[in-house]
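Beneath this line is the structure, given in structure tokens, with notes to follow.
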Amino acid sequence: MSLLEIKNCTIRYQNGEPAVSNVSFNVEKGEIVSLVGESGSGKTTLIRAILGILPSGGKVTEGQIILDGTDILKLNDRQMEAVRGNNISMIFQDVGASMDPVKQVKSQYMESILVHERIPRDTCIERAVSMLKRMHLTDTERVMNAYPFELSGGMKQRVGIAMGMTAQPKLLLADEPTSALDVTIQAQVVHEIRELRDKYGATIILVTHNMGVASYLSDKIGVMQKSRMVEFGSRDEIIFHPKEQYTRDLMDAVPKIGGKRFAR
Ligand SMILES: Nc1ncnc2c1ncn2[C@@H]1O[C@H](COP(=O)(O)OP(=O)(O)O)[C@@H](O)[C@H]1O
Ligand SMILES: [Mg+2]
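If you read the sequence shown in this note's numbering, its first letter stands for residue 85, the second for the next number, and so on.
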């Protein structure tokens with residue numbers, strides 16, 4: 085059984101135009117699936133629907149979203165809350181900006197771990213510090229004691245990503261987590277995302293507009309354009325044998341490094 089089955093899913097906002105039109109794909113346990121495509125094509129809408137956290141006015145009007153065998157569209161709010169609490173993490177595009185401004189990083193971080201697990205305070209702090217270091221935040225003491233306004237945007241974003249990964253989620257949904265980071269740090273964060281899968285078997289759905297990132301990380305890639313998924317296939321199919329001109333255009337936009345466009 086697939087961990088996630090999206091079947092003929094159409095999602096609309098109040099204006100009635102589909103933001104996502106008749107999209108279907110499956111995600112197997114332990115896979116990394118990237119969703120790529122132009123701005124406004126429906127990527128964020130689609131991954132938010134998987135967690136039942138569409139912005140108000142957004143609704144899945146057709147189709148099914150089956151997570152671990154459960155049709156989540158049939159769940160009430162309390163049941164959906166329980167699904168989300170069961171070790172699913174979402175890293176938002178502006179996760180840094182959404183940190184609580186009046187709490188030190190340390191206390192927000194502890195809370196984010198303790199909702200999932202009952203572990204001693206020291207263990208919590210050790211895990212947090214180790215993940216911050218892996219996000220290239222080396223002065224961990226300063227970061228842990230800081231209030232969000234004392235950190236730069238890029239630092240906050242990395243703290244947010246670290247928090248999302250520390251719980252070792254079995255399903256991680258990440259919406260352009262690294263887009264705002266500079267290239268070196270982005271590479272490190274992307275590497276850590278892959279480690280989360282390789283070490284802990286996490287299943288990951290990643291939205292990225294960067295085909296290079298998608299190529300490096302993914303087992304499968306879905307290409308979205310104007311609310312439709314125009315192509316979905318294995319990483320190699322999409323990178324080396326794309327069927328759609330639109331996919332080729334996306335790839336042509338990736339800079340070549342050392343004569344090669346797609347590293348692994
Ligand atoms: N909260 C919202 N209310 C109304 N329309 C929205 C909302 N969020 C997104 N949309 C519309 O849905 C479509 C898909 O948007 P989105 O999922 O954010 O795309 P992407 O993440 O690929 O940039 C766009 O046409 C966008 O204008
Ligand atoms: Mg988006």
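Glycine included, C-beta positions come from ideal geometry on N, C-alpha and C.
Reference residue 276, options 264, 303, 248, closest by Cα
Taking the first residue of the sequence shown as 1, we reach residue 276 at position 192. Among 264, 303, 248, the Cα nearest to that of residue 276 is on 248.
Go ahead and pull the three-state DSSP assignment for residue 40.
Residue 40 lies beyond the residue range present for the chain, which begins at 85 and ends at 348; the question has no answer from this structure.
Can you tell me which of the three DSSP states residue 169 falls into?
As a first step, residue 169 must be located in the sequence shown, where it is residue number 85. Of the three classes helix, strand and coil, the one that applies to residue 169 here is helix, per DSSP.
Could you name the residues, in chain order, whose CB is less than 5 Å away from a heavy atom belonging to ligand 1?
Going by the Cβ distance cut-off, the answer is 97, 103, 123, 124, 125, 126, 127, 128, 129, 139.
Look at residue 127 and residue 308 and say whether their C-beta atoms are less than 9 Å apart.
Here residue 127 corresponds to residue number 43 of the sequence shown, with the count starting at 1. Here residue 308 corresponds to residue number 224 of the sequence shown, with the count starting at 1. Cβ distance < 9 Å, so residue 127 and residue 308 count as in contact.
Using the Cβ count rule (16 or more neighbours within 10 Å means buried), how would you classify residue 267?
For the purposes of this step, residue 267 is taken as the residue at position 183 of the sequence shown. Under this definition residue 267 is an exposed residue.
Could you give the C-beta distance for residue 42 and residue 220, rounded to a whole number, given that I count them as a contact under 8 Å?
No answer is possible for residue 42: the residues shown for the chain start at 85 and end at 348.
When you measure from the CB of residue 276 to every non-hydrogen atom of ligand 2, does any distance come out below 8 Å?
Residue 276 sits at position 192 when you count from the first residue of the sequence shown. It does not: the Cβ of residue 276 is nowhere closer than 8 Å to a heavy atom of ligand 2.
Leaving out the 5 sequence neighbours to the left and right, which residues in its chain are closer than 6 Å to residue 205 when beta-carbon positions are compared?
Reading the sequence shown from its first residue, position 121 is the one you call residue 205. Taken in chain order, the list of residues that qualify is empty.
Within its chain, find whatever has a CB closer than 8 Å to the CB of residue 272; leave out the 5 residues flanking it on each side and keep chain order.
Counted from its first residue, the sequence shown places residue 272 at position 188. Closer than 8 Å at Cβ, skipping near neighbours: 218, 219, 220.
Using the C-alpha atoms, what's the distance from residue 141 back to residue 314?
Translated into positions along the sequence shown, residue 314 becomes position 230. Translated into positions along the sequence shown, residue 141 becomes position 57. Answer to the nearest angstrom: the Cα atoms are 25 Å apart.
Are the beta-carbon atoms belonging to residue 94 and residue 110 less than 9 Å from one another?
Walking along the sequence shown from the start, residue 94 turns up at place 10. Walking along the sequence shown from the start, residue 110 turns up at place 26. Cβ distance not < 9 Å, so residue 94 and residue 110 don't count as in contact.
So for residue 115, helix, strand or coil by DSSP?
On the sequence shown, residue 115 is found 31 positions in, with the first residue counted as 1. Three-state DSSP puts residue 115 in coil, outside helix and strand.
By DSSP, does residue 233 sit in helix, in strand, or in coil?
To locate residue 233, count along the sequence shown from 1; it is residue 149. Reduced to three states, the DSSP call for residue 233 is helix.
Whole beta strand (DSSP E) elements within the region 105-164, 3-residue minimum
116-121, 143-151
Give the single residue among 138, 156, 169 whose Cα lies nearest to the Cα of residue 91.
Taking the first residue of the sequence shown as position 1, residue 91 is located at position 7. The shortest Cα separation from residue 91 among 138, 156, 169 belongs to 156.
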